[in-house]
Ligand SMILES: [Zn+2]
């Protein structure tokens with residue numbers, strides 16, 4: 037039985053002054069690969085789902101994904117948790133919680149501080165009544181392709197952190213310190229002094245999004261200076277896509293029906309790739 041609550045992994049990371057890695061997943065191939073990689077290096081891991089994959093993209097449903105991860109995690113030899121990434125809709129949060137997600141991110145960072153507090157507080161109240169932890173966002177983690185990671189206006193303002201965390205009672209806080217989602221055109225430079233300032237202001241565990249492409253020396257620094265959850269997605273998707281293309285290229289001209297070996301091939305590629313990333317975690 038290794039299906040654990042998200043908060044347990046974050047507390048474990050906080051205690052060890054490191055970060056748990058949370059992996060964006062779409063399907064069985066990705067979940068199986070994350071668990072296999074975590075087992076290989078004997079580290080815990082979080083599996084994340086973006087709500088739009090269940091609500092719009094027809095990749096899965098909250099119920100199917102929740103049941104799949106729970107069943108697979110229960111057989112895992114390392115602790116595995118299930119988290120809902122960037123959710124903007126209170127009703128979707130409730131559906132995910134009903135489907136077994138023990139950790140959710142409610143992102144109201146597009147609103148001003150007071151409205152972000154008002155909305156987040158209501159979600160925290162509901163989630164806590166169900167024993168589920170909530171991650172919120174302050175500042176704005178934008179898109180790397182727009183160079184948002186270099187826009188200081190997007191960064192989390194340390195003076196807002198105390199008010200926000202005390203008013204909302206959130207369990208984890210995603211911050212913007214020079215990170216952004218997607219592929220960075222140039223390697224980012226995290227504002228580690230800002231991270232220190234924020235970490236000194238609050239005891240709430242901090243979360244770093246936009247993890248693909250951040251140099252590993254900066255990640256090691258961030259993990260030792262208050263980042264206890266690290267979101268990793270884009271690179272995994274590239275690895276998945278490359279593996280699918282490589283498999284089919286290798287199986288030409290056998291034709292498009294040669295699907296049977298694809299899953300095993302893809303899972304091996306993703307597992308090898310993620311096991312290296314998990315080595316960054318000092319747990
Ligand atoms: Zn994110």
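In our numbering, the protein residues as written are 37 to 319.
For each residue, glycine too, the CB sits at the ideal point set by N, CA and C.
Option nearest residue i by Cα separation, candidates the options
| i | options | result |
| --- | --- | --- |
| residue 115 | 42, 102, 151, 148 | 42 |
| residue 222 | 257, 179, 205 | 179 |
| residue 206 | 231, 236, 183, 243 | 243 |
| residue 219 | 300, 319, 247 | 247 |
| residue 100 | 133, 306, 234 | 133 |
| residue 251 | 131, 214, 273 | 214 |
| residue 155 | 167, 172, 166 | 172 |
| residue 164 | 314, 129, 54 | 129 |
| residue 174 | 160, 181, 153 | 153 |
| residue 167 | 137, 148, 183, 285 | 137 |
| residue 196 | 227, 311, 47, 234 | 234 |
| residue 249 | 228, 104, 200, 181 | 181 |
| residue 240 | 253, 262, 254, 225 | 262 |
| residue 216 | 150, 237, 177, 204 | 177 |
| residue 97 | 76, 64, 75, 73 | 64 |
| residue 212 | 310, 245, 236 | 245 |
| residue 407 | 131, 185, 202 | As shown, the chain starts at 37 and ends at 319. That puts residue 407 outside it, with no answer to give. |
| residue 311 | 237, 78, 147, 47 | 78 |
| residue 284 | 276, 275, 294 | 294 |
| residue 186 | 145, 76, 286, 226 | 226 |
| residue 209 | 162, 224, 157 | 157 |
| residue 33 | 52, 228, 237 | Lying before the first or after the last residue shown, residue 33 is absent from the chain, which here runs from 37 to 319. |
| residue 224 | 184, 287, 104 | 184 |
| residue 162 | 131, 286, 53 | 131 |
| residue 260 | 104, 40, 53 | 53 |
Where the alpha helix (DSSP H) through residue i begins and ends
| i | result |
| --- | --- |
| residue 139 | Premise fails: residue 139 lies in the beta strand (DSSP E), 139-142, not in any alpha helix (DSSP H). |
| residue 74 | 64-77 |
| residue 229 | 228-237 |
| residue 134 | 126-134 |
| residue 186 | It is not in any alpha helix (DSSP H) - residue 186 carries neither H nor E in the DSSP assignment. |
| residue 152 | 149-165 |
| residue 302 | 298-314 |
| residue 45 | 42-51 |
| residue 105 | 98-110 |
| residue 197 | 194-204 |
| residue 260 | 252-260 |
Nearest-angstrom beta carbon gap, residue j and residue i [assumed within contact, 8 Å]
| i | j | result |
| --- | --- | --- |
| residue 80 | residue 319 | 6 Å |
| residue 139 | residue 108 | Incorrect: roughly 17 Å between the Cβ atoms, too far for contact. |
| residue 66 | residue 307 | Between residue 307 and residue 66 the Cβ distance is about 10 Å, and since that is not below 8 Å, they are no contact. |
| residue 231 | residue 258 | 6 Å |
| residue 82 | residue 45 | 6 Å |
| residue 112 | residue 71 | 5 Å |
| residue 346 | residue 69 | Look at the range of the chain in this structure, 37 to 319, and you will see that residue 346 is not part of it. |
| residue 73 | residue 314 | 6 Å |
| residue 275 | residue 256 | Contact doesn't hold; Cβ gap of about 22 Å is too wide. |
| residue 102 | residue 135 | 4 Å |
| residue 110 | residue 38 | 7 Å |
| residue 159 | residue 142 | 4 Å |
Host beta strand (DSSP E) of residue i (start-end)
| i | result |
| --- | --- |
| residue 24 | The displayed coordinates of the chain run from 37 to 319. Any statement about residue 24 would go beyond what the structure contains. |
| residue 81 | 81-85 |
| residue 121 | 116-123 |
| residue 169 | 169-174 |
| residue 210 | 208-211 |
| residue 59 | 56-60 |
| residue 244 | 242-244 |
Test: residue i CB closer than 8 Å to a CB of chain C
| i | result |
| --- | --- |
| residue 84 | Structure shown: chain C not included; a single protein chain is present. |
(message) Assess contact between the stretch 120-135 and the stretch 189-206, defined as three or more Cβ pairs (one per stretch) separated by less than 8 Å. Is contact present?
(response) no
(request) Kindly confirm or deny that the stretch 260-275 and the stretch 57-74 touch, where touching means at least three C-beta pairs closer than 8 Å. (result) yes
(message) Three Cβ pairs or more, each shorter than 8 Å: is that satisfied between the stretch 296-308 and the stretch 91-100?
(response) no
(message) Please output, in chain order, the residues near ligand 1 using a CB cut-off of less than 7 Å to any non-hydrogen atom of the ligand.
(response) 121, 122, 177, 210, 217, 245, 246, 267
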